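See below for the structure under consideration.
Protein chains: 2
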Amino acid sequence: MSRAFNFSPGPATLPEPVLQQAQAEMLDWHGVGASIVELSHRGPEFMQVAHETEADLRTLMAIPDDYAVLFLQGGATVQQALIALNFADPGQATDYVITGHWGKTALKQVTPYVHANLAADGEPGGFRDIPARNSWRLSDGAAYVHYTANETIHGVEFRSANGCDIPDVGDVPLFADFSSSIASEPLDISRFGVIYAGAQKNLGPVGVTVVIIRRDLLERAGQPRAGIFDYRAHLKGESMLNTPPTWNWYLLGLTVKWMLAEGGVAEFAQRNARKSALLYDTIDTSGGFYCNEVATAARSRMNVPFFLHDSALDAAFLQESTAAGLISLKGHRVLGGMRASIYNAMPEAGVQALASFMRDFQQRHG
Amino acid sequence: MSRAFNFSPGPATLPEPVLQQAQAEMLDWHGVGASIVELSHRGPEFMQVAHETEADLRTLMAIPDDYAVLFLQGGATVQQALIALNFADPGQATDYVITGHWGKTALKQVTPYVHANLAADGEPGGFRDIPARNSWRLSDGAAYVHYTANETIHGVEFRSANGCDIPDVGDVPLFADFSSSIASEPLDISRFGVIYAGAQKNLGPVGVTVVIIRRDLLERAGQPRAGIFDYRAHLKGESMLNTPPTWNWYLLGLTVKWMLAEGGVAEFAQRNARKSALLYDTIDTSGGFYCNEVATAARSRMNVPFFLHDSALDAAFLQESTAAGLISLKGHRVLGGMRASIYNAMPEAGVQALASFMRDFQQRHG
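Protein sequences, first through last, are from chains A and B.
Be aware that the first sequence starts at 640, since it is given in the numbering used here, and climbs by one per residue.
Be aware that the second sequence starts at 640, since it is given in the numbering used here, and climbs by one per residue.
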């Protein structure tokens, strides 16, 4: 088929101009006679890509100079282990705020290394809301407080609407998994100790992870660990302690340039607000044909999970939507139902097409 | 320019048909309306790619069923840390045979976790030979013996010619870094406990690492570690504990299919032998204009480092070779000089062109 509107939760749709440029350059990057994926990471060609990408990302996200930026392998999950190894003493208290599946994963990774205190837990409420800040039980002397800015499966996001867009935790460094909402709107980086994000949702391709670290934290001793697990060593090595995922880094760079050209995070914040509002409105005005049970103030702008009132219609919904060029709408196996992931690269036209399809499907099957 | 012959040490040249297929499929993989890099790793499309790639790699390398195959992130260096965490008790003895820069790196990664015994060390000899097997000082009760099958910087390889192609270490599991020579010739996998290799030299793209593990070793307790550092968990999760580097895995799959179509590892063994023989012959018959000081029996088939008798000619050699469409010949900064990396995807025509250029350059500057 021609290009579909692809609602995959990640790896996710990429900007078409980015794919077109990667395609055009696949056998010969900038006339050097080889693809960028074939060149040494230490050669002048890739070093240029690497440095430009960091500079562009710093511009896009307004990252202050006192923050280091790393481009690493391993996904968010590896960073979830490394933050404990690098920034906490063995057995030290760390505070975890759990608002969905990925927060639970983050906590699990550190249990061999630290005392992971469950400071707040949305699970008893079915992960349909953000636990109020005044209910959190933070530890004395915690190495950090960790939360997940957006939960892709449960569709729950820390938003200003719920009074908790960036939680205030005093002087304890705030660490956040921004895998599914990074660069989707302006963010005050200076509020954070560490931000990390797999790139495959809002920043481009799978296989590269961005880690943003307030530099003073790198003075912490942390725990015994291999050099390859040491953020200081990665910084000293310019994220090239070993061969980095060059092609993925390059595609991230193209994506960041595209975002800057489109107007930057302020522009994407508006697009993302309109896209999610349209979908939630379509759900909420369906008279119960579609439903989303997340508290309105905590609804994710990135992932809109929804259920058909009659799950017997799920198969027809998926089959007809795919035929209409709207793909990857099946919900995560943990929840079932449907999920529309609408990151930066999802055009507004794609969400409009989905909303139209949903109304049409309801008319035919309602 | 048109496609150059690219002697980059890794990331390295890829088969042109593989790049062409990736290019053709970049915006729409098999008519699904999206690139493979945009699709969920858990969807049927990528699962097909993943399973086919494993099956093809098992065929290509004749991997026995009692060996698990993982496709992971992090490069060889992360595996160098994980082998200690997964297969050795805290502080247990492990034996390291060092024949170059990367063997030293491997040893460094495990020092926080185990007692790393330097069983043999080629450094006093300038890493120009493989220490004879009968000189190795192996530990009692070692968790494993580790060596580096091919050293990319020093151009030293374990070969049958030096009586040490696969060292006999008795009942202790043999672990080997095959990053730069995997699938370059037939290999008896059953002689090994663990083989690991970054794919970016002989198996395709950067950003994905193949780990081949004798399954019984996975019963070892190892050391306290995060789940994401646990090979058993990766196996149970089919290398998808978290989002894998799907595009890199896909490109690896295309490369393996290309190798099978070309005749498999037996065919590449012949090509690689001819390619390296031609370059060493060109060097050895240059009357000292070019030199390579590695012991003949230990010379690498994959990386041919060489020096011009007069280093003042280095700049001219690099400038003229690049102009002739022979790129990335600059040696590693540790050694200087030149290096031709001639992995599976380097055509024989490329090596013939380089040998001609070298003779021509000598005539003009000799």
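For every residue, glycine included, the Cβ atom is placed at its ideal position computed from N, Cα and C.
Given the structure is predicted, the values throughout are model-derived calculations rather than measurements.
When we look at the beta-carbon of residue i and count the other beta-carbons within 10 Å, is it buried (16 or more) or exposed?
i: Val671/A; result: buried
i: Thr744/B; result: buried
i: Ser829/B; result: exposed
i: Ala755/A; result: buried
i: Thr882/B; result: buried
i: Ala643/B; result: buried
i: Thr791/A; result: buried
i: Ala954/A; result: exposed
i: Lys637/B; result: Residue 637/B lies beyond the range of chain B shown here (640 to 1005); nothing can be said about it.
i: Gln1002/A; result: exposed
i: Arg910/B; result: buried
i: Asn789/A; result: buried
i: Gln839/A; result: buried
i: His948/B; result: exposed
i: Pro683/A; result: exposed
i: Arg864/A; result: buried
i: Gly837/B; result: buried
i: Ser679/B; result: buried
i: His873/B; result: buried
i: Pro729/A; result: exposed
i: Ser602/A; result: Examination of residue 602/A is not possible in this model, given that chain A is present from 640 through 1005 alone.
i: Asn645/A; result: buried
i: Gly649/A; result: buried
i: Gln659/A; result: exposed
i: Pro812/A; result: buried
i: Ser819/B; result: buried
Give the DSSP-derived three-state secondary structure of residue i in the structure shown.
i: Tyr889/A; result: helix
i: Arg854/A; result: helix
i: Met879/B; result: coil
i: Met999/B; result: What sits at residue 999/B in the sequence shown is Asp, not Met. If DSSP states are grouped into helix, strand and coil, Asp999/B belongs with the helices.
i: Ala720/A; result: helix
i: Thr744/B; result: helix
i: Phe646/B; result: coil
i: Leu993/B; result: helix
i: Gln862/B; result: coil
i: Glu901/A; result: helix
i: Ala963/A; result: coil
i: Leu658/B; result: helix
i: Leu842/B; result: coil
i: Val895/A; result: helix
i: Glu664/B; result: coil
i: Glu826/A; result: Per the sequence shown, the amino acid found at residue 826/A is Leu instead of Glu. In this structure, Leu826/A counts as coil in the three-state DSSP scheme.
i: His873/B; result: helix
i: Val749/A; result: helix
i: Ala988/A; result: helix
i: His1004/A; result: helix
Just checking: is the beta-carbon of residue i within a distance shorter than 8 Å of some beta-carbon in chain D?
i: Pro986/A; result: This model lacks chain D altogether; the protein chains it does include are A and B.
Using DSSP bridges, identify the partner residues of residue i.
i: Thr733/A; result: Ala755/A
i: Ala727/B; result: DSSP lists no partner for Ala727/B.
i: Val833/A; result: Phe814/A, Ile852/A
i: Ser980/A; result: Asn942/A
i: Lys1007/A; result: Given a span of 640 to 1005 for chain A in the structure shown, any question on residue 1007/A remains unanswerable.
At a cut-off of 7 Å, would you count residue i as near the ligand GTP, judging by its Cβ distance to the nearest heavy atom?
i: Asn756/B; result: In the structure on display, the ligand GTP does not appear, and there are no ligands present to speak of.
For this session: Assess, as a yes-or-no matter, whether the stretch 710-717 of chain B is touched by the stretch 829-846 of chain B under the definition of 3 or more beta carbon pairs within less than 8 Å.
Result: yes
Quiz item: Quick one: complete beta strand (DSSP E) runs, 3+ long, within the stretch 754-824 of chain B?
Solution: 754-760, 784-787, 813-816
For the stretch 850-861 of chain A against the stretch 680-688 of chain B, are there 3 or more C-beta pairs whose distance is under 8 Å?
Contact between the stretch 850-861 of chain A and the stretch 680-688 of chain B is not established, with fewer than three Cβ pairs separated by less than 8 Å.
**Prompt:** Would you call the stretch 731-743 of chain B and the stretch 775-791 of chain B touching, i.e. three or more CB-CB distances under 8 Å?
**Reply:** yes
### Message
In chain order, what are the residue ranges of uninterrupted beta strand (DSSP E) at least 3 long that sit wholly in the stretch 674-717 of chain A?
### Response
DSSP assignment within the stretch 674-717 of chain A yields the following whole beta strand (DSSP E) runs of 3 residues or more, N-terminal first: 706-711.
Notebook entry, point to check: Can you list the beta strand (DSSP E) stretches of 3 or more residues lying completely in the stretch 904-959 of chain B, in chain order?
Noted result: 942-947
> Would the stretch 699-711 of chain B and the stretch 751-769 of chain B be scored as touching if the rule is three or more Cβ pairs under 8 Å?
Replying inline: The answer is no - the stretch 751-769 of chain B does not touch the stretch 699-711 of chain B, with fewer than three Cβ pairs under 8 Å.
Next on the checklist: Below 8 Å, how does it come out for the stretch 887-897 of chain A and the stretch 942-960 of chain A: are there three or more Cβ pairs, yes or no?
Outcome noted: no
Note to self: Counting beta carbon pairs with one atom in the stretch 966-982 of chain A and one in the stretch 923-931 of chain B, are three or more of them shorter than 8 Å?
What the structure shows: Too few Cβ pairs lie closer than 8 Å, so no.
Cβ contact check for the stretch 652-664 of chain B and the stretch 977-996 of chain B: 3 or more pairs under 8 Å
yes
- Is it a yes or a no for the stretch 808-828 of chain A touching the stretch 936-944 of chain A, going by three-plus beta-carbon pairs under 8 Å? By the criterion of at least three beta-carbon pairs nearer than 8 Å, the stretch 808-828 of chain A is in contact with the stretch 936-944 of chain A.
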